[in-house]
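Report on the structure given below.
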Amino acid sequence: MNDSELSLYLEINYLSYIFYVSKSDNQNNFKIVHESTVPLAGFEKNSISDFKKVFNTIKENVYLIEQKFNYTFKDIILILDNFNLTFINMTGFKKLNGSQVLKENIFYILNTLKSCIDEIEIKKSILHIFNSKFNLDNKNIENLPIGLFGNFYSHELSFSLIDKNDYKNLNNILDNCNLKIKKILIKSFVTGANISDNSKNTDNFFYINICKNNSKIFYFENNSLKLEQNFKFGSDIIIKDISKVTSLKIDMVEKLLNKIELKKEISPDDLIEKDLFNESAYRKIKKKLLYEIVFARIKEIYEIILFQNINFKSLNKTANKIFLEINHKTQLKCFNEIYKTLFLENGNQNFHFIENLCNERMLETANKLVHFGWKKEAIPVAQSQKSLIARFFDAIFS
């Protein structure tokens, strides 16, 4: 098998390391040919805490993969989903006095903003830079307006940053594994790019992901990842609330929620069917009670995540599309109607449930981002000997 046909990926999330090997043929057909999941080790508070443990875990698993395919990988693509990331949006300006927007103007703004980030965030390293907005004489321009005439030009960039020590540790760990980092991708960026590509006229949107033990929200504007926030709670708090009020065990609560349907129109006297308890002792529990517990908790969750979230409050006016992904299967049947009701009550008519992005689709999107770049990313290639500005113009003009 030819080395050039295969690519090695590593996703690091809250629970595990996931190693992937993909294969692409001459027709750019993409396929995952290997996937292995290993429990997360060497991390504490979303940061690398034990260099040796992380190194050994990655080295051992890469070795096993190389043995399986009988060749050596030279580089790797990282997809990060559990590090403490920082998001900064900054705008640079240039007075034109009726002249054209030139490459030199873009050079000046980009260099100035990056220098500001380097001075402000001395303990951070830049992972992604997005061209968020081009504005010429108070008019938003879709593409880079080089050659257009005007009086005043503003250019907004969105920066995604990682802790510098984590960045250095990742590079050192993989370097010691004889692997060069080809690209580092934030998983939210990959997910957002996939949504944008597969949803017509979707440049501005919120994405909310509710898992069992944690939740996440990120915001895409003009196809740029502008902000992400993680929360240490998920659907488990709903299950625990029901368990506490009804005195039922957690597994019994989950079983019942998979069997019944919770709707606003439930009769106050409607009880959970006796045959659903099976071997457990039957308890007379009203479905309406479960509905009210679930409704109250979900309302609290979405208000904390979005509607009362100071980080996103001003952005509610910009995007009205919301994509909600629920990863805890227990919720899917009985909670959807409540989520939909609450979002519609807050005026969010453009609300969509989306299925968990399968690994093949996620990796295929990541592969496209690595090899073809992204329409709004200023620097599509992570590891390059070219200067920041040179890479930026390569992205625009090549």
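Its first residue numbered 719, the sequence shown is counted upward by one per residue in our numbering. Using N, Cα and C, we set each Cβ at its ideal position, and we do this for glycine too.
*From Met-719 to Asp-893, what does the alpha carbon distance come to, in whole angstroms?*
As a working mapping, residue 719 is identified with position 1 in the sequence shown. As a working mapping, residue 893 is identified with position 175 in the sequence shown. With a pLDDT of 49 at Met-719, under the threshold of 50, the modelled position of this residue cannot be trusted, and the question is left open.
*Pair every Cβ in the stretch 821–836 with every Cβ in the stretch 789–800, then say whether three or more of these pairs are closer than 8 Å.*
Contact between the stretch 821–836 and the stretch 789–800 is absent, because fewer than three Cβ pairs lie under 8 Å.
*For the alpha helix (DSSP H) holding Tyr-826, just list the boundary residues, first then last.*
Counting from 1 along the sequence shown, the entry for residue 826 is found at position 108. From DSSP, the alpha helix (DSSP H) with Tyr-826 extends over 821–838.
*Measure the Cβ-Cβ separation of Phe-951 and Leu-945 and say whether it is below 8 Å.*
Along the sequence shown, one-based indexing puts residue 951 at 233. Along the sequence shown, one-based indexing puts residue 945 at 227. In this structure, Leu-945 does not lie closer than 8 Å to Phe-951 by Cβ.
*Specify the secondary structure class of Thr-775 as computed by DSSP and reduced to three states.*
Stepping through the sequence shown from its first residue, residue 775 is reached at position 57. Assigned with DSSP and collapsed to three states, Thr-775 falls in helix.
*Just how far apart, CA to CA, sit Asn-1068 and Phe-924?*
Here residue 1068 refers to the residue found at position 350 of the sequence shown. Here residue 924 refers to the residue found at position 206 of the sequence shown. Roughly 11 Å between the two C-alpha positions.
*How should Gly-865 be labelled, buried or exposed, when 16 other C-beta atoms within 10 angstroms of its C-beta is the threshold for buried?*
Numbered from its first residue, the sequence shown carries residue 865 at position 147. By the neighbour-count rule (16 or more Cβ atoms within 10 Å), Gly-865 is not buried but exposed.
*Classify Ile-935 as helix, strand or coil using the three-state DSSP reduction.*
Along the sequence shown, one-based indexing puts residue 935 at 217. In this structure, Ile-935 counts as strand in the three-state DSSP scheme.
*Check whether the Cβ atoms of Asn-800 and Phe-737 lie closer than 8 Å to each other.*
Working through the sequence shown from its first residue, we reach residue 800 at position 82. Working through the sequence shown from its first residue, we reach residue 737 at position 19. Cβ distance not < 8 Å, so Asn-800 and Phe-737 don't count as in contact.
*CB of Leu-879 within 8 Å of CB of Thr-830, strictly*: Within the sequence shown, residue 879 is the residue found at index 161, counting from 1. Within the sequence shown, residue 830 is the residue found at index 112, counting from 1. One thing to note: Leu-879 has its Cβ no nearer than 8 Å to the Cβ of Thr-830.
*When burial is assigned at 16 or more other CB atoms within 10 Å of the CB, is Ala-911 buried or exposed?*
Your numbering for residue 911 matches position 193 in the sequence shown. Answer is buried; the Cβ neighbour count reaches 16.
*Helix or strand or just coil, what does DSSP make of Asp-793?*
Your numbering for residue 793 matches position 75 in the sequence shown. Three-state DSSP puts Asp-793 in a strand.
*Could you tell me whether the Cβ atoms of Phe-907 and Leu-966 are closer together than 8 Å?*
As a position in the sequence shown, residue 907 is number 189, starting the count at 1. As a position in the sequence shown, residue 966 is number 248, starting the count at 1. Against a cut-off of 8 Å, the Cβ pair of Leu-966 and Phe-907 comes out as no contact.
*Name the DSSP bridge partner or partners of Glu-1018?*
As a first step, residue 1018 must be located in the sequence shown, where it is residue number 300. Partner(s): none; Glu-1018 has no beta bridge.
*Since Val-1088 contacts Lys-901 with CB under 8 Å, what's their CB separation in whole angstroms?*
For the purposes of this step, residue 1088 is taken as the residue at position 370 of the sequence shown. For the purposes of this step, residue 901 is taken as the residue at position 183 of the sequence shown. Taking 8 Å as the upper bound for CB-CB distance, Val-1088 and Lys-901 are in contact here, some 5 Å apart.
_Please report the distance separating the alpha-carbon of Glu-997 from that of Phe-1013._
Here the question's residue 997 lines up with position 279 in the sequence shown. Here the question's residue 1013 lines up with position 295 in the sequence shown. Whole-angstrom Cα-Cα distance: 28 Å.
*Count the C-beta pairs between the stretch 804–817 and the stretch 765–783 that are closer than 8 Å, then say yes if the count reaches three, no if not.*
Not touching, per the Cβ criterion.
_Distance CB(Arg-1015)-CB(Ile-956) smaller than 8 Å_ = Residue numbering aside, residue 1015 sits at position 297 when the sequence shown is read from its first letter. Residue numbering aside, residue 956 sits at position 238 when the sequence shown is read from its first letter. Yes. Within cutoff.
*Is Ser-734 helix, strand or coil when you go by DSSP?*
If you number the sequence shown from 1, residue 734 lands on position 16. Residue state, collapsed to three classes: strand.
*Counting contacts by CB-CB distance shorter than 8 Å, is Asn-996 in contact with chain D?*
Note that chain D does not occur in the displayed structure, where there is just one protein chain.
*Buried or exposed: which applies to Asp-743, given that a residue is buried once 16 or more other Cβ atoms fall within 10 Å of its Cβ?*
Looking up residue 743 in the sequence shown gives position 25. Label assigned to Asp-743: exposed.
*Does the beta-carbon of Ile-913 have 16 or more other beta-carbons within 10 angstroms, so that it is buried, or is it exposed?*
As a position in the sequence shown, residue 913 is number 195, starting the count at 1. The residue in question, Ile-913, is buried, as its Cβ has 16 or more Cβ neighbours within 10 Å.
*Between the Cα of Asp-855 and those of Val-819, Ser-876, Leu-828, Tyr-1020, spot the shortest distance and give me the residue it belongs to.*
Taking the sequence shown and counting its residues from 1, the one referred to as residue 855 is at position 137. Nearest to Asp-855 by alpha-carbon distance, out of Val-819, Ser-876, Leu-828, Tyr-1020, is Val-819.
*asked:* Quick check on Asp-768: buried or exposed, where buried means 16 or more other Cβ atoms within 10 Å of its Cβ?
replied: For this step, residue 768 is matched to residue 50 along the sequence shown. When all chains shown are included, Asp-768 counts as exposed.
*Going by CA-CA distance only, name the one from Tyr-735, Ile-847, Lys-857 that's closest to Gly-1091.*
Stepping through the sequence shown from its first residue, residue 1091 is reached at position 373. If you compare the alpha carbons of Tyr-735, Ile-847, Lys-857 with that of Gly-1091, the shortest gap goes to Ile-847.
*Please name the residue or residues paired with Asn-849 in a DSSP beta bridge.*
In the sequence shown, residue 849 corresponds to position 131, counting from 1. In the DSSP secondary-structure assignment, Asn-849 is bridged to Leu-875.
*asked:* Just to confirm my understanding: we take Ile-1023, look at its own chain, exclude 5 residues before and 5 after, and list those with CB closer than 7 Å. What are they?
replied: Working through the sequence shown from its first residue, we reach residue 1023 at position 305. Result list for Ile-1023: Ile-926, Ser-933, Ile-935, Phe-949, in chain order.
*Can you give me the Cβ contacts of Asn-1027 inside the same chain, cut-off strictly under 6 Å, excluding the 5 residues immediately before and after it?*
Here residue 1027 refers to the residue found at position 309 of the sequence shown. Closer than 6 Å at the Cβ level, and outside the excluded window around Asn-1027, lies no residue.
_Quick check: what's the CA-CA separation for Glu-1021 versus Phe-1030?_
The residue given as residue 1021 occupies position 303 in the sequence shown. The residue given as residue 1030 occupies position 312 in the sequence shown. When only Cα atoms are considered, Glu-1021 and Phe-1030 end up about 11 Å apart.
*Out of Asp-969, Asn-764, Leu-994, point me to the one whose CA is closest to Glu-979's CA.*
Position 261 of the sequence shown, counted from the first residue, corresponds to residue 979. The candidate whose alpha carbon is nearest that of Glu-979 is Leu-994.
*CB Ile-827 to CB His-873, shorter than 8 Å?*
By one-based count along the sequence shown, residue 827 stands at place 109. By one-based count along the sequence shown, residue 873 stands at place 155. For the 8 Å CB-CB criterion, Ile-827 and His-873 form a contact.
*Name the one or two DSSP bridge partners that Tyr-698 has.*
A question about residue 698 goes unanswered here, because the residues of the chain that appear run from 719 up to 1116.
*Can you have a look at Leu-728 and say buried or exposed, based on whether 16 or more other CB atoms are within 10 angstroms of its CB?*
Within the sequence shown, the letter at position 10 stands for residue 728. So Leu-728 counts as buried.
*Could you have a look at Ser-961 and say whether DSSP puts it in helix, strand or coil?*
The sequence position of residue 961 within the sequence shown is 243, counting from 1. Three-state DSSP puts Ser-961 in a helix.
_Taking 8 Å as the threshold (C-beta atoms), are Asp-959 and Asn-931 in contact?_
As a working mapping, residue 931 is identified with position 213 in the sequence shown. As a working mapping, residue 959 is identified with position 241 in the sequence shown. Remark: C-beta atoms of Asn-931 and Asp-959 do not approach each other more closely than 8 Å.
*Name the residue from His-752, Cys-1076, Val-751, Phe-761 whose alpha carbon lies nearest to the alpha carbon of Leu-733.*
Along the sequence shown, one-based indexing puts residue 733 at 15. That would be Phe-761, whose Cα lies nearest to the Cα of Leu-733.
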